[in-house]
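Residue numbering for the sequence shown follows the working numbering, beginning at 2 and increasing consecutively.
Glycine included, C-beta positions come from ideal geometry on N, C-alpha and C.
What you are looking at is a predicted structure, and each value in this text was computed from that prediction instead of being measured.
Below is one structure, written out as structure tokens, with a few remarks after it.
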Amino acid sequence: MKYRKMGKLGIESSAFGLGCMRFNGAASGDSTIDEEKAIGLIRRAIDGGVTYLDTAYVYLDKTSEIVLGKALLDGYRDKVRIATKMPIEAVKNREDMEKLLAEELGKLQTDHIDFYLMHGINKEKWERFKEMGAPEFFDDMKREGKIRYKCFSFHGPYEDYEYIIKDWDWDMVQIQYNYMDTENQAGTKGLELAGSLGIPVVIMEGLLGGRLAKAPDNVQALYDAFPTKRSAVEWGFRWLCDHPEVSVVLSGCNEAEQIDENLKIFDTVEAGIMSEEEHRLIKDVQDAYKSRTKVSCTGCRYCMPCPGGVDIPGVFSAWNNCSLYNVDPKDDWGLRMLKGREATPDKCLKCGACERACPQHLPIIDKLQEAWAVLG
Ligand SMILES: NC(=O)c1ccc[n+]([C@@H]2O[C@H](COP(=O)([O-])OP(=O)(O)OC[C@H]3O[C@@H](n4cnc5c(N)ncnc54)[C@H](OP(=O)(O)O)[C@@H]3O)[C@@H](O)[C@H]2O)c1
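Take a look at the structure:
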């Protein structure tokens, strides 16, 4: 495992951080965790050298923190740093913040949280957090030792990002970044800005929620033609770690094999090692993906549950799947499951709850109808 500096903090972290948002069937519509399996995966990652674990109050129907807390018993807590998050929806004032942090510490079975994040903020949410006294609360908790570092995670437009990151003395920022998101959200500009301020950057959705792990035939042909053979996953992580500003790359693994492969990859990846030819390859891969992607949903499930019962990430996954991998909709297994569960776009109430929650700001209502015209 390679360990990387965390900007101005004067500490190091494993380059690979385990995300605790996708255990079990979370990406395929089932948000219940197989605890035993998840605990095994977490400990496997730590035994392999992972020192950074990311969760959040809301992940997996609020059970992710509980499972992580159990996994960190038996001496594992002392080997790692944990990140969790405060969702603005759960707090209105300081008393709520105190209650929420106490609940999170209880679920995680720890006396402190290393990285405490304001979860998925944009400019408007940051201003609301400020009005509620969140910055003072974070500073007080840092002084009391209940949190070590004050941080935020971000999915909004670049302008909001620049405003927020310059508006307070943050200790860390977590952004969505991968070779398909260089000009989306914080993007490369945001990564470099954090680097210039000495603020360590933790990457989420580094494989675009898993989409970059499964190369469609037009992308695979590019990888196959390249003289050095690497898996799609390795190319994704190699590209990210080539950036010196990146401290930790999170990935939410569901299987022991994924953890093992990632541990091996993160033994080799370093900043500044990619050649010009490799960068050209990734540019071609970007173009190949763009030509086939229908909707840039990452399957994070922030939009769920849908009041109408539509499995929104499931529909978009089926739509992208059919387009990326040339699958006839009638042969798409995921789509058949959706139809069986009556979780299809024709159940959409057009209430817009999903669009307000989507960190990618997708026009979900229209996209669902567009998808249904093809898949239905
Ligand atoms: N703060 C926020 O707003 C926010 C938002 C999103 C995520 N996050 C955090 O960031 C973490 C990382 O994001 P992410 O989970 O989207 O990361 P990611 O690496 O983009 O996607 C994870 C998925 O990639 C696939 N994968 C990973 N390693 C693989 C391997 N070796 N071989 C094949 N497939 C592999 C798996 O897909 P399959 O499941 O299809 O096998 C896995 O579920 C999350 O777990 C969460 O903790 C935070």
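Practice problem: Please find out if some non-hydrogen atom of ligand 1 comes closer than 7 Å to the beta-carbon of L209. | Solution: yes
Exercise. Pair every Cβ in the region 38-53 with every Cβ in the region 251-258, then say whether three or more of these pairs are closer than 8 Å.
Key: Yes, they touch.
Exercise. For G146, count neighbouring C-beta atoms within 10 Å of its own C-beta (all shown protein chains included) and say buried if the count is 16 or more, exposed if not.
Key: exposed
Quiz item: Is the closest heavy atom of ligand 1 to the C-beta of V234 under 7 Å?
Solution: yes
Exercise. Compare the beta carbon distance of E1 and V59 with 8 Å and say whether it is the shorter of the two.
Key: The displayed coordinates of the chain run from 2 to 377. Any statement about residue 1 would go beyond what the structure contains.
Quiz item: By Cβ distance, which residues of its chain are closer than 6 Å to K368, with the 5 residues on each side in sequence left out?
Solution: Taken in chain order, the residues that qualify are V296.
Self-check item: With 16 other Cβ atoms within 10 Å as the buried cut-off, status of R357
Solution: exposed
Self-check item: Coil, strand or helix - G107 by DSSP
Solution: Here DSSP, grouped into helix, strand and coil, assigns G107 to helix.
Quiz item: Rounded to a whole number of angstroms, what is the C-alpha to C-alpha distance between R239 and G199?
Solution: Each residue's CA atom was taken as its position, placing R239 and G199 some 22 Å apart.
Quiz prompt | Sequence-distant residues of its chain with Cβ nearer than 7 Å to Q177 (five each side left out) | solution = H156, Q186, M205, E206
Quiz item: Going along the chain, which residues of its own chain have a beta-carbon closer than 7 Å to the beta-carbon of C242, five neighbours each way excluded?
Solution: A16, V250, V270, E271, A272
Practice problem: Leaving aside the five residues before and after D115 along the sequence, list all residues of the same chain whose C-beta is less than 7 Å from its C-beta, in chain order. | Solution: R82, I83, A84, R149, Y150
Quiz item: Would the beta-carbon of L251 be found less than 7 Å away from any heavy atom of ligand 1?
Solution: Yes; taking the cut-off as 7 Å, the Cβ of L251 has a heavy atom of ligand 1 nearer than that.
Quiz item: What are the boundary residues of the alpha helix (DSSP H) that includes Q370?
Solution: 365-376
Practice problem: Classify I274 as buried or exposed, calling it buried when 16 or more other Cβ atoms lie within 10 Å of its own Cβ. | Solution: exposed
Quiz prompt | the region 341-349 in contact with the region 318-329 per 3-pair CB rule at 8 Å | solution = no
Quiz prompt | L19, enclosing beta strand (DSSP E) - first and last residue | solution = 17-20
Quiz item: Should K63 be counted as a contact of ligand 1 given a C-beta to heavy atom distance under 7 Å?
Solution: No; taking the cut-off as 7 Å, the Cβ of K63 has no heavy atom of ligand 1 nearer than that.
Self-check item: Every unbroken alpha helix (DSSP H) inside the region 103-148 [4 residues or more]
Solution: 124-132, 135-145
Quiz prompt | From D268, G309, G310, N327, residue whose alpha carbon lies closest to that of M2 | solution = D268
Practice problem: Within the same chain, show all residues whose beta-carbon is closer than 7 Å to that of I12, passing over the 5 residues directly before and after it, in chain order. | Solution: none
Quiz item: Tell me which same chain residues have a C-beta within less than 6 Å of the C-beta of A46, skipping the five on either side of it?
Solution: L19, I260
Quiz item: Which full runs of the beta strand (DSSP E) of 3+ residues lie inside the region 263-335, going along the chain?
Solution: none
Practice problem: Could you tell me whether the region 123-142 touches the region 92-100, using the rule of 3 or more Cβ pairs below 8 Å? | Solution: yes
Self-check item: Whole runs of the beta strand (DSSP E) within the region 216-257, excluding any shorter than 3 residues
Solution: As far as the region 216-257 is concerned, its whole beta strand (DSSP E) runs of at least 3 residues are 247-252.
Quiz item: Quick one: what's T85 bridged to in DSSP?
Solution: Y117
Practice problem: In angstroms with no decimal places, state the Cα-to-Cα distance between S248 and C152. | Solution: 14 Å
Quiz item: Which value, in whole angstroms, describes the spacing of the CA atoms of I166 and N25?
Solution: Looking at the two C-alpha atoms, the distance is approximately 34 Å.
Quiz item: Y4 lies in the beta strand (DSSP E); which residues open and close that run?
Solution: Y4 -> beta strand (DSSP E) spans 4-6.
Quiz item: Which value, in whole angstroms, describes the spacing of the CA atoms of W127 and Q361?
Solution: Near 17 Å, if we compare the C-alpha coordinates of Q361 and W127.
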